[in-house]
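A.B. asks: Pasting a structure here, questions to come.
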Amino acid sequence: MLSYLELVELANGDVVLQRSEGDENPLVTIRFSEETREHINGSCLEIARAMVQAGIEAVSIAAADEGFADEAEADLDESELQSKIIH
1 MLSYLELVEL ANGDVVLQRS EGDENPLVTI RFSEETREHI NGSCLEIARA
51 MVQAGIEAVS IAAADEGFAD EAEADLDESE LQSKIIH
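For the sequence shown, counting from 1, position 67 maps to 67 in my numbering; every step adds exactly one.
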């Protein structure tokens with residue numbers, strides 16, 4: 001089953017990432033302070049979108065790096081994996 005996500009700005013000003021099917025528990029909640037709200041002039045939803053996108057990209061990169069590290073470790077023998085100390 002394909003699940004779509006949506007960003008929604010709630011009445012209290014929080015921005016939540018939730019499943020579009022209407023699950024009551026948000027996946028992510030972003031809350032901006034009043035001071036921040038004054039500085040960003042009503043751009044909360046756009047900033048939250050950029051934050052979520054950056055998070056997704058970071059996870060994607062980390063997952064790709066982890067896969068690369070696993071492949072590299074598989075090519076090394078036990079002695080090469082031990083840490084080395086230089087004094």
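Even glycine gets a Cβ: it sits at the ideal position worked out from N, Cα and C. All values reported here derive from a predicted model rather than from experimental measurement.
In angstroms with no decimal places, state the Cα-to-Cα distance between A62 and E9.
C.D. replies: Locating residue 62 in the sequence shown gives position 62, counting from the first residue. Locating residue 9 in the sequence shown gives position 9, counting from the first residue. Looking at the two C-alpha atoms, the distance is approximately 29 Å.
A.B. asks: Taking only three categories from DSSP, how would you classify R31?
C.D. replies: Numbered from 1 along the sequence shown, position 31 holds the residue referred to as residue 31. Reduced to three states, the DSSP call for R31 is coil.
A.B. asks: If I measure Cβ to Cβ from I47 and keep anything under 7 Å in the same chain, skipping five residues before and after, which residues do I get?
C.D. replies: As a first step, residue 47 must be located in the sequence shown, where it is residue number 47. Closer than 7 Å at Cβ, skipping near neighbours: I40.
A.B. asks: Have a look at A64 and E24 and give me their C-alpha separation to the nearest angstrom.
C.D. replies: Within the sequence shown, the letter at position 64 stands for residue 64. Within the sequence shown, the letter at position 24 stands for residue 24. Rounded to whole angstroms, A64 to E24 spans 32 Å at the Cα level.
A.B. asks: Rounded to the nearest angstrom, what separates L17 and G55 at their Cα positions?
C.D. replies: Position 17 of the sequence shown holds residue 17. Position 55 of the sequence shown holds residue 55. In a straight line, the C-alpha of L17 is about 12 Å away from that of G55.
A.B. asks: Compute the distance between the beta-carbons of V15 and F32, then report whether it is under 9 Å.
C.D. replies: Numbered from 1 along the sequence shown, position 15 holds the residue referred to as residue 15. Numbered from 1 along the sequence shown, position 32 holds the residue referred to as residue 32. Yes, they are a contact pair.
A.B. asks: Taking the C-alpha atoms as reference points, what is the distance between S20 and E6?
C.D. replies: Position 20 of the sequence shown, counted from the start, is the residue given in the question as residue 20. Position 6 of the sequence shown, counted from the start, is the residue given in the question as residue 6. For the pair S20 and E6, the Cα-to-Cα distance works out to about 6 Å.
A.B. asks: With DSSP as the reference, identify every bridge partner of Q53, one or two as the case may be.
C.D. replies: As a working note, residue 53 is residue 53 in the sequence shown. DSSP lists no partner for Q53.
A.B. asks: Spatial neighbours of P26 within its chain, please: CB distance less than 7 Å, with the 5 preceding and 5 following residues excluded, ordered by chain position.
C.D. replies: In the sequence shown, counting from the first residue as 1, residue 26 sits at position 26. Listed in chain order, the non-local C-beta contacts of P26 below 7 Å within the same chain comprise V16, L17 and Q18, local neighbours out to five positions each way being set aside.
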